[in-house]
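Data first, discussion second: the structure below is written as structure tokens.
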Amino acid sequence: MLRLPAFTYLEPKTLQQALKMKRAAGPDGMYVAGGTDLYPNMKRRHQEPKTVISLARIRALQRVRGGTGGAGMTLGAGITLTTVHTHRRIARRYRALAHAAELVSTPLLRNMGTLGGNLCLDTRCNYYNQTYEWRKAIDFCMKKDGAICWVAPSSPRCWAVNSSDTAPVAVALDARLALVGPAGERVVPAARFYHNDGINYLTKHADEILTEVQLPPADGWDATYWKLRRRGSFDFPVLGVAVWIRWDGATVGAARIVLGAVASLPQPVPEAAQAIIGSRLEDDAVAAAADAAFRPSKPMDNTDFGLAWRKEMTRQYVRRALEELRARRR
Ligand SMILES: Cc1cc2nc3c(=O)[nH]c(=O)nc-3n(C[C@H](O)[C@H](O)[C@H](O)COP(=O)(O)OP(=O)(O)OC[C@H]3O[C@@H](n4cnc5c(N)ncnc54)[C@H](O)[C@@H]3O)c2cc1C
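Structure (structure tokens):
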């Protein structure tokens with residue numbers, strides 16, 4: 275059985291207390307929300323904080339606001355994934371996000387896991403998500419304790435994968451993420467929250483707390499999320515496809531297509547979105563978008579399934595996602 279190492283556990287009640295505690299703990303401190311990612315990682319010695327600062331008792335992170343009339347919604351980063359997919363206003367107006375949350379792992383983990391934790395999820399790799407002894411046997415890898423990337427041994431960077439289900443949807447919806455840190459508050463578009471680097475995968479400073487997810491008004495657009503995984507009841511995505519479309523009468527006026535689990539960040543594919551703008555999502559436009567998404571989709575050999583098949587599934591899942599949106603429009 276894997277055991278947690280010893281650590282100091284703190285429970286601030288306010289954001290200011292949490293920031294103060296983090297400052298005092300320095301680089302040895304980490305925030306935890308639901309703990310469904312951090313604690314397994316600590317057991318495998320991926321992360322080794324001496325001080326763990328829980329965000330669970332901070333009421334400011336639990337709020338859900340807006341969603342009436344023409345307003346957008348603001349979701350506290352500390353709400354659970356179960357809340358995201360069962361909350362009536364969220365589910366009615368942001369069904370792609372609610373659906374993505376519902377597809378994360380199992381009910382028990384969704385009851386504990388939070389939206390903020392899902393957006394900040396550590397990147398994953400077959401050579402990293404292993405026990406300490408397993409990793410030691412291969413002399414570790416550059417993401418933790420080692421020097422080499424076993425997926426691409428000549429690579430100067432780490433190729434661990436962003437496997438969050440809600441992150442591609444947040445980018446596709448153009449959600450804004452509110453952060454609070456020692457230097458004050460700031461709001462960033464979800465697309466700018468991520469780096470294409472398996473180690474430094476967030477643009478957020480380690481001391482900053484993600485406080486809110488601000489969703490744009492649900493006015494005349496539609497979106498969906500498709501997830502590929504081995505076991506439908508449980509697994510991380512090996513491919514995620516988030517599509518957002520604004521209809522302009524019978525044709526597509528604007529679109530965003532974002533791939534999950536094929537890079538170290540949720541990967542927008544603007545060339546695929548461009549292929550459907552001005553179309554009625556006829557079969558040829560859908561096929562052109564699917565082809566355009568297929569080309570830049572470059573899964574690495576570091577998660578479940580063969581990478582050639584996962585790449586081909588990009589084409590299939592983009593097509594199916596667009597067909598779903600077309601069917602809903604008719
Ligand atoms: C068996 C299993 C299956 C899983 N399957 C999936 C899956 O299919 N899809 C998926 O997306 N995930 C999956 N997960 C991962 C995880 O359960 C979810 O991503 C969950 O949403 C993480 O949220 P959390 O609150 O538990 O995060 P935590 O573990 O508490 O934190 C995760 C990271 O985010 C940071 N963090 C958390 N909240 C904040 C905040 N507000 N501000 C700043 N930093 C913060 C923490 O410091 C930590 O680095 C799975 C996990 C397990 C164990």
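Quick note on our numbering: the sequence shown kicks off at 275 and runs consecutively. Backbone N, C-alpha and C fix where the C-beta goes; we use that ideal spot for every residue, glycine too.
Worksheet item: Where do the ends of the alpha helix (DSSP H) carrying glutamate 597 lie?
Response: Run containing glutamate 597: 581 to 603, per the alpha helix (DSSP H) assignment.
Worksheet item: Does ligand 1 have a heavy atom nearer than 7 Å to the CB of serine 379?
Response: Distances taken from the Cβ of serine 379 to the heavy atoms of ligand 1 include one shorter than 7 Å.
Worksheet item: Got a sec: does ligand 1 put a non-hydrogen atom nearer than 7 Å to the Cβ of glycine 346?
Response: Between ligand 1 and glycine 346, a heavy atom-to-CB distance of less than 7 Å is absent.
Worksheet item: CB asparagine 385 to CB threonine 354, shorter than 8 Å?
Response: Yes.
Worksheet item: Under three-state DSSP, which class holds glycine 514?
Response: In the structure shown, glycine 514 sits in a strand (DSSP, three-state: E or B).
Fill in: Boundaries of the beta strand (DSSP E) in which arginine 339 is found, first to last residue
Residues 338 to 340.
Discussion item. When you compare the CB positions of valine 306 and serine 328, do they come within less than 8 Å of one another, or not?
Written reply: Cβ distance < 8 Å, so valine 306 and serine 328 count as in contact.
Discussion item. Taking a contact to mean a Cβ-Cβ separation below 8 Å, would you say leucine 371 touches threonine 440 in this structure?
Written reply: Between leucine 371 and threonine 440, the C-beta gap is smaller than 8 Å, which places the two residues in contact.
Discussion item. Less than 6 Å between C-beta atoms, sequence neighbours within five positions excluded: which residues of the same chain meet that for arginine 595?
Written reply: As written in the sequence, residue 595 is alanine, which differs from the arginine given in the question. Excluding positions up to five away in sequence, the list reads Thr498, Trp500, Val515, Val517.
Discussion item. My parser needs the beta strand (DSSP E) runs of 3 or more residues fully inside the stretch 516 to 560; what are they?
Written reply: Runs of the beta strand (DSSP E) lying entirely within the stretch 516 to 560, each at least 3 residues long, are 525 to 534 in chain order.
Worksheet item: On the three-state DSSP scale, how would you describe isoleucine 412?
Response: Look at isoleucine 412 here: in three-state DSSP terms it is coil, with no helix or strand label.
Fill in: Three-state secondary structure assigned by DSSP to tyrosine 499
Note: tyrosine 499 maps to strand in three-state DSSP.
Discussion item. Given a cut-off of 8 Å on the beta-carbon distance, is the pair alanine 537 and asparagine 400 in contact?
Written reply: Here alanine 537 is not near asparagine 400, since their CB atoms are 8 Å or more apart.
Item to complete: Any chance you could list the beta strand (DSSP E) runs of at least 3 consecutive residues sitting entirely within the stretch 299 to 362, in chain order?
Response: Those beta strand (DSSP E) runs which fall completely within the stretch 299 to 362 and span 3+ residues are 303 to 306, 325 to 328, 338 to 340, 347 to 350.
Worksheet item: Roughly how far, in whole angstroms, is the beta-carbon of alanine 444 from the beta-carbon of valine 487, given that I think they are within contact range, below 8 Å?
Response: At roughly 7 Å, the Cβ-Cβ gap stays under 8 Å, so alanine 444 and valine 487 are in contact.
Worksheet entry | Cβ shell of glycine 346 (< 6 Å), same chain only, five flanking positions each side left out | Contacts found: Gly340, Leu489, Pro490, Pro491.
Fill in: Assigned exposure category for aspartate 396 - 16 Cβ within 10 Å defines buried
Its Cβ being crowded by 16 or more others within 10 Å, aspartate 396 is buried.
Worksheet item: Which value, in whole angstroms, describes the spacing of the CA atoms of threonine 310 and threonine 485?
Response: One C-alpha to the other measures close to 18 Å.
Item to complete: Measure from the alpha carbon of asparagine 392 to the alpha carbon of each residue in Asp493, Trp521, Tyr468, then state which is nearest.
Response: Among Asp493, Trp521, Tyr468, the Cα nearest to that of asparagine 392 belongs to Tyr468.
Fill in: Residue range of the unbroken alpha helix (DSSP H) whose run includes valine 443
In this chain, the alpha helix (DSSP H) harbouring valine 443 covers 440 to 446.
Worksheet item: Is it buried or exposed for glutamine 605, if we count other Cβ within 10 angstroms and need 16 for buried?
Response: Because the chain is modelled from 275 through 604, residue 605 falls outside the range shown and cannot be assessed.
Worksheet item: Whole-angstrom Cβ separation of glycine 300 and alanine 330, contact assumed at under 8 Å?
Response: About 22 Å; that fails the 8 Å criterion.
Item to complete: Tell me leucine 489's beta-bridge partners as DSSP assigns them.
Response: DSSP lists Met347 as partners of leucine 489.
Discussion item. Less than 7 Å separating the Cβ of phenylalanine 614 from some heavy atom of ligand 1?
Written reply: The chain is shown only over 275 to 604; residue 614 falls outside these bounds and no answer can be derived.
Fill in: Alpha-carbon spacing of glycine 506 relative to methionine 587, whole angstroms
So the alpha carbons of these two residues sit roughly 16 Å apart.
Discussion item. I'd like to confirm the pairing. Which residues does DSSP put opposite lysine 418 in its beta bridges?
Written reply: Partner(s): Cys415.
Practice prompt. Return yes when at least one heavy atom of ligand 1 lies under 7 Å from the C-beta of aspartate 311, else no.
Written response: At least one heavy atom of ligand 1 is nearer than 7 Å to the Cβ of aspartate 311, so yes.
Fill in: the stretch 526 to 543 in contact with the stretch 564 to 582 per 3-pair CB rule at 8 Å
Enough Cβ pairs lie closer than 8 Å, so yes.
Worksheet item: For arginine 505, does the three-state DSSP call read helix, strand or coil?
Response: If DSSP states are grouped into helix, strand and coil, arginine 505 belongs with coil.
Worksheet item: For the beta strand (DSSP E) that proline 463 lies in, which residues bound it at each end?
Response: According to the DSSP assignment, proline 463 belongs to the beta strand (DSSP E) that extends over 458 to 463.
Practice prompt. Identify every residue that forms a DSSP beta bridge with glycine 455.
Written response: Glycine 455 pairs with Gly458.
Item to complete: Flag asparagine 436 as yes when its Cβ comes closer than 7 Å to any non-hydrogen atom of ligand 1, and as no otherwise.
Response: No.
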